[in-house]
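Chains as they are written, first to last, in our numbering: chain A, 6 to 288; chain B, 6 to 288.
There are 2 protein chains.
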Amino acid sequence: MTAPRWTADPAEALRWTPVTRLDAVDPRSTPGFDGGKGDGRELLGDHRDELSDLQERLFAHGRTGGDRTVLLVLQGMDTAGKGGVVRHVVGMVDPQGVRCRGFGRPTAEERARGYLWRIRRALPEPGLIGVFDRSHYEQVLVVRVDDLEPEATWRAHYDEINEFEAGLAAGGTAIVKVMLTISPDEQLERLTSRLDRPDKHWKFDPADLRARAQWAQYEAAYTEMLDRTSTTAAPWYVVPADRKWYARLAVGQLLLQTLRGMDLTWPPADFDVAEQRRLLTGG
Amino acid sequence: MTAPRWTADPAEALRWTPVTRLDAVDPRSTPGFDGGKGDGRELLGDHRDELSDLQERLFAHGRTGGDRTVLLVLQGMDTAGKGGVVRHVVGMVDPQGVRCRGFGRPTAEERARGYLWRIRRALPEPGLIGVFDRSHYEQVLVVRVDDLEPEATWRAHYDEINEFEAGLAAGGTAIVKVMLTISPDEQLERLTSRLDRPDKHWKFDPADLRARAQWAQYEAAYTEMLDRTSTTAAPWYVVPADRKWYARLAVGQLLLQTLRGMDLTWPPADFDVAEQRRLLTGG
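1. Checking contacts by CB at 8 Å: is W250(B) closer than that to chain A?
2. Flag W21(B) as yes if its beta-carbon sits less than 8 Å from any beta-carbon of chain A, otherwise no.
3. Return the residue from the list R199(A), R68(A), A226(A) and A255(A) that minimises the CA-CA distance to A18(A).
4. For F38(A) and chain B, any beta-carbon pair shorter than 8 Å?
5. Once DSSP output is grouped into helix, strand and coil, what is the label at G43(A)?
6. Between which two residues does the beta strand (DSSP E) carrying T178(B) extend?
7. Is the beta carbon of I134(B) closer than 8 Å to that of V183(B)?
8. Does the beta-carbon of E130(B) have 16 or more other beta-carbons within 10 angstroms, so that it is buried, or is it exposed?
9. Quick one: list the residues of chain A neighbouring T112(B), beta-carbon separation under 7 Å, in chain order.
10. In terms of residue numbering, what span does the alpha helix (DSSP H) encompassing W159(A) cover?
11. Taking Cβ to Cβ, would you say A132(A) is nearer than 8 Å to Q101(B)?
12. Grab me the residues of E165(A)'s own chain with a C-beta within less than 8 Å of its C-beta, minus the 5 sequence neighbours each way, in chain order.
13. Please state whether the Cβ-Cβ distance between W207(B) and W271(A) is less than 8 Å.
14. Any idea what DSSP makes of F64(B), helix, strand or coil?
15. Measuring only between beta-carbons, confirm whether Q219(A) sits less than 8 Å from chain B.
16. Sort out for me which residues DSSP pairs F137(A) with in a bridge.
17. If we ignore side chains and look at the alpha-carbon of each, how far apart do M6(B) and T35(B) end up?
18. Taking all protein chains shown into account, do 16 or more other C-beta atoms lie within 10 angstroms of the C-beta of D14(A), making it buried, or fewer, making it exposed?
19. Under a Cβ-count criterion, where at least 16 other Cβ atoms within 10 Å of its own Cβ denotes burial, should G266(B) be classed as buried or exposed?
20. I'd like to know whether the C-beta atoms of W250(B) and G45(B) end up nearer to each other than 8 Å.
21. Quick check on M6(B): does DSSP put it in helix, strand or coil?
22. For the segment 54 to 69 of chain B against the segment 215 to 233 of chain B, are there 3 or more C-beta pairs whose distance is under 8 Å?
23. Rounded to a whole number of angstroms, what is the C-alpha to C-alpha distance between D213(A) and L193(A)?
24. Does DSSP classify V30(B) as helix, strand or coil?
25. Whose C-beta lies closer than 6 Å to the C-beta of L77(A) among residues of the same chain, with five residues either side of it excluded?
26. Going by the CB atoms, is the gap between L185(B) and L56(B) shorter than 8 Å?
27. Measuring straight from C-alpha to C-alpha, what distance separates R125(A) and T74(A)?
28. Does the beta-carbon of V244(B) have 16 or more other beta-carbons within 10 angstroms, so that it is buried, or is it exposed?
29. By Cβ distance, which residues of its chain are closer than 7 Å to R53(B), with the 5 residues on each side in sequence left out?
30. Can you list, in chain order, the residues of the segment 222 to 254 of chain A whose Cβ is nearer than 7 Å to any Cβ on chain B?
31. G177(A) and D72(A) look like a contact to me (Cβ under 8 Å); what is the Cβ gap, rounded to whole Å?
32. Going by beta carbon distance, what residues of the same chain come within less than 8 Å of V30(A), once the five residues before and after it are set aside?
33. Look at M82(A) and V145(A) and say whether their C-beta atoms are less than 8 Å apart.
34. Is there at least one Cβ from chain A nearer than 8 Å to D152(B)'s Cβ?
35. Over the uninterrupted beta strand (DSSP E) stretch that includes V244(A), give me the two end residues.
36. Just how far apart, CA to CA, sit F38(B) and W11(B)?
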């Protein structure tokens, strides 16, 4: 009896490569994992303690002068499950160590100051895990599809973003970029459910239907984004998300592996432990 | 067989009143709760779904133009368990709906701009639960005890803070202020444990011993703070915290009752549901 497990390293199995084709990724598939829903949930839960421990080490590192941070960027069509990933994966660690930020339509000030201004302001401080629900990538997605900027303008963003992220990485940020991919059928079901449930109406936006009608244009925009901005410093992972449990498990595993790779050790005491113990007990 | 439960409303039992004396609050007591550690943990866990649901309603309210927020202010001596409350209570809800902020020694800029400047910048946006680990109250605690400002200056802060908080409350913020109170013996144990464990050294600060030696002065400062700033708009709760499980249960219960009291309903759709359903299915 073997416990369900990863049969391939998800960081390899899900990473975007120059030969990956978005339409060849089956949104219902569970790459690299040989178990089902119950197994996936259990395995994710099993990671809670290690995730918590590594997050606390990162936090301690930041509190003692270190500069490392993690930035998790989530992209995907409406209802792809970005919020659920934050709630169920990021929600496993101490909220003091997390900065979540969602990016909707920019305000007038944000537009005036350039698209990276609000992004820079939302970056995690040292020791924190930053989570972006949508991000600077909207600038080559909705901006492209809805023709909000001339093509020459948004095309320039690919290189700008790569430079920006290379700078972040050089400064100590481990960047994990995740695109959650769902099928049009699954989206139909999820949008229908939002319309059927009064407690979900607030999540529905008639503009979602517009984006749904532009599916092919979004696929083209995502593909070029992945091709142009999946770099060594900041790779993209394409995570099939029709099965919510798999998407959450996969992002949890990517986050775990990222933290493990940072070799986070507990900061040594910057005081004389024996002396403090003496002072404490009045000896 | 009766399940362990609150025998008194904790909001009543723990609320600071003009006749409460801090030295009459036993830090090992569990006011209003007739169960033990296991019961307390179980009851707190039982509140997870309701807390989550109410937090999501608050979030939805904020996303649809509402202005309500919750601000949880945590104060207490070092090792009183402020961080544990955040991790175990606030950590029960979606991290997207939470903004945590710790306040250490102010930077030069923060000092120059006045003590409320950094506080205002850290206030939760509409729909969020803001959590302050220490706060503007340090201005009448460490500042007083360490003589960092003339007495006339820090004394003026009581009224300023009351006005500031009254303004927040009028603007839609439900303020819950919690002072966690521990005994010197319990603190000794917790500080000793931090010194004994290399993975806790980063949490230890030799300055903590200084504050410990000023216990009586801090008690006087806390007492006057409670007397002067426990208002109808922003009451103080004094929570015995020698038993971590009780402190967490009590703060969880206070947070739950605060959210319940906000009468949060799901925002109604601002679109024609039937029409959107038709558009979605292409009918």
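For glycine and all other residues, C-beta sits at the position ideal for the given N, C-alpha and C. Given the structure is predicted, the values throughout are model-derived calculations rather than measurements.
Let's see:
1. Here residue 250(B) refers to the residue found at position 245 of the second sequence. W250(B) does not count as touching chain A.
2. Counting from 1 along the second sequence, the entry for residue 21(B) is found at position 16. Closer than 8 Å: no.
3. Here residue 18(A) is taken as the residue at index 13 of the first sequence, counted from 1. Closest option to A18(A), Cα to Cα, is A255(A).
4. For the purposes of this step, residue 38(A) is taken as the residue at position 33 of the first sequence. It does not; no Cβ of chain B falls within 8 Å.
5. Counted from its first residue, the first sequence places residue 43(A) at position 38. The answer is helix: DSSP assigns G43(A) an H, G or I state.
6. Within the second sequence, numbered from 1, the residue matching residue 178(B) stands at position 173. T178(B) -> beta strand (DSSP E) spans T178 to T186.
7. Within the second sequence, numbered from 1, the residue matching residue 183(B) stands at position 178. Within the second sequence, numbered from 1, the residue matching residue 134(B) stands at position 129. The answer is no: Cβ separation not under 8 Å.
8. Within the second sequence, numbered from 1, the residue matching residue 130(B) stands at position 125. Exposed, since its Cβ has fewer than 16 Cβ neighbours within 10 Å.
9. Taking the second sequence and counting its residues from 1, one reaches residue 112(B) at position 107. Near T112(B) there are no residues of chain A at all, since even the closest Cβ is about 13 Å away, more than 7 Å.
10. In the first sequence, residue 159(A) corresponds to position 154, counting from 1. W159(A) -> alpha helix (DSSP H) spans E156 to A175.
11. Within the first sequence, residue 132(A) is the residue found at index 127, counting from 1. Within the second sequence, residue 101(B) is the residue found at index 96, counting from 1. Sequence inspection shows Gly at residue 132(A); the Ala mentioned does not correspond to that position. It is not a contact, given that the beta carbons lie outside the stated cut-off.
12. As a first step, residue 165(A) must be located in the first sequence, where it is residue number 160. Correct list, in chain order: L121.
13. In the second sequence, residue 207(B) corresponds to position 202, counting from 1. In the first sequence, residue 271(A) corresponds to position 266, counting from 1. Yes, Cβ-Cβ distance for W207(B) and W271(A) is below 8 Å.
14. Locating residue 64(B) in the second sequence gives position 59, counting from the first residue. It is helical.
15. As a working note, residue 219(A) is residue 214 in the first sequence. Not an interface residue.
16. Sequence index remark: in the first sequence, residue 137(A) carries index 132 (1-based). Partner(s): V78(A) and R106(A).
17. As a position in the second sequence, residue 6(B) is number 1, starting the count at 1. As a position in the second sequence, residue 35(B) is number 30, starting the count at 1. Per-residue confidence for M6(B) stands at a pLDDT of 47, beneath the threshold of 50, marking its modelled position as unreliable; the derived number appears in the next sentence. Going from the Cα of M6(B) to the Cα of T35(B) covers about 21 Å.
18. If you number the first sequence from 1, residue 14(A) lands on position 9. So D14(A) ends up on the exposed side.
19. Within the second sequence, the letter at position 261 stands for residue 266(B). That one is exposed.
20. Your numbering for residue 250(B) matches position 245 in the second sequence. Your numbering for residue 45(B) matches position 40 in the second sequence. Contact: yes.
21. One-based indexing of the second sequence puts residue 6(B) at position 1. With a pLDDT of only 47 at M6(B), under the threshold of 50, the placement of this residue in the model should not be trusted; the figure read from the coordinates follows. Coil.
22. no
23. Position 208 of the first sequence, counting from 1, holds the residue named residue 213(A). Position 188 of the first sequence, counting from 1, holds the residue named residue 193(A). Roughly 11 Å between the two C-alpha positions.
24. Along the second sequence, read from residue 1 onward, the residue named residue 30(B) stands at position 25. Note: V30(B) maps to coil in three-state DSSP.
25. For the purposes of this step, residue 77(A) is taken as the residue at position 72 of the first sequence. So the qualifying residues of the chain are V136 and V181.
26. For the purposes of this step, residue 56(B) is taken as the residue at position 51 of the second sequence. For the purposes of this step, residue 185(B) is taken as the residue at position 180 of the second sequence. In this structure, L185(B) does not lie closer than 8 Å to L56(B) by Cβ.
27. Numbered from 1 along the first sequence, position 120 holds the residue referred to as residue 125(A). Numbered from 1 along the first sequence, position 69 holds the residue referred to as residue 74(A). So the alpha carbons of these two residues sit roughly 14 Å apart.
28. As a working mapping, residue 244(B) is identified with position 239 in the second sequence. Counting Cβ neighbours within 10 Å, V244(B) comes out buried, since at least 16 surround it.
29. As a working mapping, residue 53(B) is identified with position 48 in the second sequence. Within the same chain, R53(B) has close Cβ partners M97.
30. none
31. Taking the first residue of the first sequence as position 1, residue 177(A) is located at position 172. Taking the first residue of the first sequence as position 1, residue 72(A) is located at position 67. With 8 Å as the limit, G177(A) and D72(A) qualify as a contact, their Cβ atoms being about 4 Å apart.
32. Position 25 of the first sequence holds residue 30(A). Excluding positions up to five away in sequence, the list reads T186, V243 and P245.
33. If you number the first sequence from 1, residue 82(A) lands on position 77. If you number the first sequence from 1, residue 145(A) lands on position 140. The answer is no: Cβ separation not under 8 Å.
34. Within the second sequence, numbered from 1, the residue matching residue 152(B) stands at position 147. Taking Cβ atoms only, chain A never reaches closer than 8 Å to D152(B), which makes this a no.
35. Stepping through the first sequence from its first residue, residue 244(A) is reached at position 239. Note, V244(A): beta strand (DSSP E), W241 to P245.
36. Counting from one through the second sequence, the residue named residue 38(B) turns up at place 33. Counting from one through the second sequence, the residue named residue 11(B) turns up at place 6. Between F38(B) and W11(B), the C-alpha separation is close to 5 Å.
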